[in-house]
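Colleague: The structure under discussion is supplied below as structure tokens; questions concerning it will follow.
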Amino acid sequence: MTLFSCRLILALPLIGTVTVMATPAPAATDADFKAAYAAADAANKEAGQLRNQWTVTATALTDAKKAADAGDFDKAVAEAKQAEALAKASVFQAKSEKEAWKAEVIR
Amino acid sequence: MRTATQTVFAALALVTLALSGATVKAADSVDPAAEAKAFQKYFTTKFPKLKLEDFVNGPYSLNEDMHRQWVEKEEFPPYEFSLDAGKEMFTKPFKNGKTYADCFPDKGIGIRQNYPYFDEKEGKVITLELALNRCREANGEAPFSYVKDDMASLTAYMAFTSRGKPFDIKIPSDPRALAAFENGKEYFYTRRGQLNFSCASCHVQNPGERIRAEILAPALGILNAMPIYRSEWGGMGTISRRFTSCNSQTRGVPLEPQSDDYRDLEYYLSYVSNGLPISGPGARP
Amino acid sequence: MASTIRVRATANGDTTEVQALIQHPMDSGFVKNAKGDLIPAHFIQQVTFECNGKSVFVADWGTAVSKDPYVKFSFKGGNKGDDLKIGWVDNKGQSDTTTAKIA
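Residue numbers (the working numbering), protein chains in the order written: chain L, 1 to 107; chain S, 1 to 285; chain C, 1 to 103.
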């Protein structure tokens with residue numbers, strides 16, 4: 001168990017990247033994919049409200065769906081998590097730019 | 001990098017302003033005339049060898065070799081076919097017998113420099129492309145795609161009839177018009193897309209520099225040559241096409257052509273280029 | 001149907017400078033359309049310029065030439081008022097010709 005916890009702690013900074021961990025983690029299921037996809041989709045919709053979606057988010061979502069349709073749920077979940085990270089970054093960008101743009105204006 | 005330093009200084013300036021009680025909020029202190037002046041001064045200072053009207057040729061004015069190419073290109077411009085098609089389209093009546101001339105002041109000839117304008121009844125910015133499609137729909141014709149050849153041909157002809165006339169964009173003293181100007185300005189300076197560029201990143205901070213193999217145009221006068229035959233596209237493109245493609249190039253999902261943000265953006269960019277002559281249709285690399 | 005060839009020829013002393021812009025898709029056959037289907041190759045194979053019936057310029061083109069090709073060249077001889085005949089043929093057997101006067 002201790003060994004497992006050590007690996008988890010090391011793995012924390014890697015969450016949000018598309019690193020496939022070849023560890024004794026259980027294989028992802030369709031349910032895992034659906035949950036991950038829903039989270040990514042929700043974040044992307046929020047970006048849409050702010051009129052700041054990224055093209056790469058859409059691509060990651062499509063890739064996630066494609067992998068899930070092919071039955072590769074590990075990849076599907078990884079792609080969905082990537083999509084969520086990208087969507088969240090685009091939301092962050094829109095929100096911070098709301099004020100940040102003013103600094104760039106020619107005076 | 002210069003950009004980082006500028007941002008730091010600008011941020012410091014912003015903090016100072018905030019501390020002194022001044023707000024950088026819209027509507028309160030918007031002075032479009034002063035902003036246009038500052039905008040033009042920024043670019044004429046950056047490129048002291050250029051006359052104001054040179055800015056309408058974008059990258060062609062910023063580089064010796066490019067300028068030579070432009071002179072040659074103007075002898076036999078690639079937009080000629082589109083221009084001729086546009087003239088034909090403009091004069092051909094709709095199925096109901098009316099023409100585009102019936103929708104526009106001065107029969108639609110020599111008016112491009114007045115667009116976009118703020119429609120006080122509707123409370124929104126009206127661009128030339130939008131006005132053309134509304135004219136079509138009002139006369140029972142299907143609207144054109146904003147990004148493709150037919151719209152480009154029409155606007156090419158209308159721009160051509162205004163060649164040499166200076167941009168004369170008006171902002172009525174209506175708070176909604178000022179808000180549209182401010183919104184366009186905000187859009188211009190806001191970073192977007194995964195590549196985190198704003199329009200200003202390229203066209204204010206780096207005109208004359210290269211992005212990959214292209215030389216960047218300055219934002220001043222950037223719409224004066226529209227629509228353009230772009231060698232990269234192998235064809236004509238409208239203002240709508242340029243806005244949407246710039247968005248996707250920074251990996252941001254583009255908005256719908258002629259959406260409010262784009263119309264306001266065109267309003268802002270055209271206003272700050274007031275006084276510069278229409279040079280469209282144009283050609284670009 | 002309007003001509004696909006725009007031409008301007010000016011005589012300068014004993015040299016004539018010719019510029020021509022030809023409207024043609026020049027499809028290479030390698031580009032896909034929005035649906036994902038290949039757009040078939042459709043390009044000019046030969047373009048010829050004749051002055052007073054004599055050939056002054058012949059070009060064999062292929063898929064490397066871009067859409068709406070522009071060509072500029074000079075030739076010796078040719079006087080103001082002479083006829084310059086331009087013609088092209090493409091890989092689909094389509095063609096167009098036009099005649100202009102040297103200015």
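The beta carbon of each residue, even a glycine, is placed where N, CA and C say it ideally should be.
Name the one or two DSSP bridge partners that K35 (chain C) has.
Modeller: Against the third sequence, residue 35 (chain C) aligns to sequence position 35. Answer by DSSP bridge pairing: none, since K35 (chain C) is not bridged.
Colleague: Would you list the residues sitting across from C51 (chain C) in a DSSP beta bridge?
Modeller: Working through the third sequence from its first residue, we reach residue 51 (chain C) at position 51. DSSP output for C51 (chain C) lists C:K54, C:L84 as bridge partner(s).
Colleague: If you reduce the DSSP assignment to three classes, tell me which class W70 (chain S) lands in.
Modeller: Translated into the one-based positions of the second sequence, residue 70 (chain S) becomes position 70. In this structure, W70 (chain S) counts as helix in the three-state DSSP scheme.
Colleague: Quick one: residues in its chain with C-beta nearer than 8 Å to the C-beta of F197 (chain S), no 5 flanking neighbours on either side, listed in chain order?
Modeller: If you number the second sequence from 1, residue 197 (chain S) lands on position 197. Result list for F197 (chain S): R191, T250, in chain order.
Colleague: Report the neighbours of T190 (chain S) on chain L: residues whose CB is nearer than 7 Å to its CB, in chain order.
Modeller: Indexing the second sequence from 1 puts residue 190 (chain S) at position 190. Near T190 (chain S) (Cβ distances below 7 Å), the residues of chain L are E97, W101.
Colleague: Could you give the residue range of the beta strand (DSSP E) that holds T4 (chain C)?
Modeller: Counted from its first residue, the third sequence places residue 4 (chain C) at position 4. Here T4 (chain C) belongs to no beta strand (DSSP E), and DSSP marks it neither H nor E.
Colleague: Does any C-beta atom of chain L lie closer than 8 Å to the C-beta of Y267 (chain S)?
Modeller: Stepping through the second sequence from its first residue, residue 267 (chain S) is reached at position 267. Cβ-Cβ to chain L under 8 Å: no for Y267 (chain S).
Colleague: Given D30 (chain L), which residues of its chain have a CB within under 8 Å of its CB, disregarding the five upstream and five downstream residues?
Modeller: Position 30 of the first sequence, counted from the first residue, corresponds to residue 30 (chain L). These residues qualify, in order along the chain: A68, F73.
Colleague: Residues of chain L with CB under 7 Å from G291 (chain S), in chain order?
Modeller: The structure shown does not extend to residue 291 (chain S), since chain S is modelled only from 1 through 285, so no value can be given for it.
Colleague: Would you mind telling me which residues of chain S sit closer than 9 Å to S66 (chain C), beta carbon to beta carbon, in chain order?
Modeller: For the purposes of this step, residue 66 (chain C) is taken as the residue at position 66 of the third sequence. Neighbours of S66 (chain C) on chain S, chain order: S231, G234.
Colleague: For W70 (chain S), which residues of its own chain have a beta-carbon under 7 Å away from its beta-carbon, when the five flanking residues on both sides are left out?
Modeller: As a first step, residue 70 (chain S) is located in the second sequence; it is residue number 70 there, counting from the start. If we look at W70 (chain S) and ignore the five residues flanking it on each side, its Cβ neighbours are N57, Y60.
Colleague: Roughly how many angstroms separate the alpha carbons of T57 (chain L) and A87 (chain L), rounded to a whole number?
Modeller: Stepping through the first sequence from its first residue, residue 57 (chain L) is reached at position 57. Stepping through the first sequence from its first residue, residue 87 (chain L) is reached at position 87. Cα to Cα, T57 (chain L) sits roughly 6 Å from A87 (chain L).
Colleague: Taking the continuous beta strand (DSSP E) assigned at A20 (chain C), which residues delimit it?
Modeller: Position 20 of the third sequence, counted from the first residue, corresponds to residue 20 (chain C). Element bounds for A20 (chain C): 15 to 22.
Colleague: Anything in chain L within Cβ reach of Q113 (chain S), meaning under 9 Å, just list it in chain order.
Modeller: The count along the second sequence starts at 1 and reaches residue 113 (chain S) at position 113. Those within 9 Å of Q113 (chain S) in chain L number zero; the least Cβ separation is about 23 Å.
Colleague: How would you label G29 (chain C), buried or exposed, when you count the other beta carbons within 10 angstroms and need 16 or more for buried?
Modeller: Translated into positions along the third sequence, residue 29 (chain C) becomes position 29. Exposed: under 16 other Cβ atoms inside 10 Å.
Colleague: Going by beta carbon distance, what residues of the same chain come within less than 6 Å of V272 (chain S), once the five residues before and after it are set aside?
Modeller: As a position in the second sequence, residue 272 (chain S) is number 272, starting the count at 1. A36, F39, listed in sequence order.
Colleague: Tell me, please, whether the segment 73 to 82 of chain S touches the segment 129 to 143 of chain S by the rule of three or more beta-carbon pairs shorter than 8 Å.
Modeller: The segment 73 to 82 of chain S vs the segment 129 to 143 of chain S: no contact.
Colleague: Could you confirm whether any beta carbon from chain S is found closer than 8 Å to the beta carbon of A40 (chain L)?
Modeller: In the first sequence, the residue the question calls residue 40 (chain L) occupies position 40. So no, A40 (chain L) is outside the interface.
Colleague: If you measure between the beta carbons of A47 (chain L) and A100 (chain L), is that distance less than 8 Å?
Modeller: Taking the first sequence and counting its residues from 1, one reaches residue 47 (chain L) at position 47. Taking the first sequence and counting its residues from 1, one reaches residue 100 (chain L) at position 100. Taking 8 Å as the Cβ cut-off, A47 (chain L) and A100 (chain L) do not qualify as a contacting pair.
Colleague: In chain order, what residues of the same chain have a beta carbon less than 6 Å from the beta carbon of G221 (chain S), not counting five sequence neighbours either side?
Modeller: What you label residue 221 (chain S) is simply residue 221 of the second sequence in a count that begins at 1. Cβ within range, chain order: F55, V56, S273, L276.
Colleague: Classify A47 (chain L) as helix, strand or coil using the three-state DSSP reduction.
Modeller: For the purposes of this step, residue 47 (chain L) is identified with residue 47 of the first sequence, where counting begins at 1. Three-state DSSP puts A47 (chain L) in a helix.
Colleague: Taking Cβ positions only, does R251 (chain S) come closer than 8 Å to chain L?
Modeller: In the second sequence, the residue the question calls residue 251 (chain S) occupies position 251. Output row for R251 (chain S): interface = yes.
Colleague: Hey, out of S:S270, S:D261, S:K49, whose CA is closest to I278 (chain S)'s CA?
Modeller: For the purposes of this step, residue 278 (chain S) is taken as residue 278 along the second sequence, with counting starting at 1. Checked all of S:S270, S:D261, S:K49; the closest Cα to I278 (chain S) is S:S270.
Colleague: By the DSSP assignment, the beta strand (DSSP E) with S74 (chain C) in it spans what residues?
Modeller: The residue labelled residue 74 (chain C) in the question sits at position 74 within the third sequence. Counting along the chain, the beta strand (DSSP E) containing S74 (chain C) begins and ends at 70 to 76.
Colleague: Note down, in chain order, every chain C residue with its Cβ under 8 Å from the Cβ of E80 (chain S).
Modeller: Numbered from 1 along the second sequence, position 80 holds the residue referred to as residue 80 (chain S). Residues of chain C passing the Cβ test: R6, L21.
Colleague: Determine the closest residue to A103 (chain L) out of S:E186, S:K165, S:A142, with distance taken between C-alpha atoms.
Modeller: Walking along the first sequence from the start, residue 103 (chain L) turns up at place 103. Nearest of S:E186, S:K165, S:A142 to A103 (chain L), Cα basis: S:E186.
Colleague: Between the segment 199 to 217 of chain S and chain L, which residues of the former have a C-beta closer than 7 Å to a C-beta of the latter?
Modeller: If the cut-off is 7 Å between Cβ atoms, the segment 199 to 217 of chain S has A200, V204 near chain L.
Colleague: May I ask you to list the residues that DSSP assigns as paired with W54 (chain L)?
Modeller: For this step, residue 54 (chain L) is matched to residue 54 along the first sequence. According to DSSP, W54 (chain L) bridges with S:G252.
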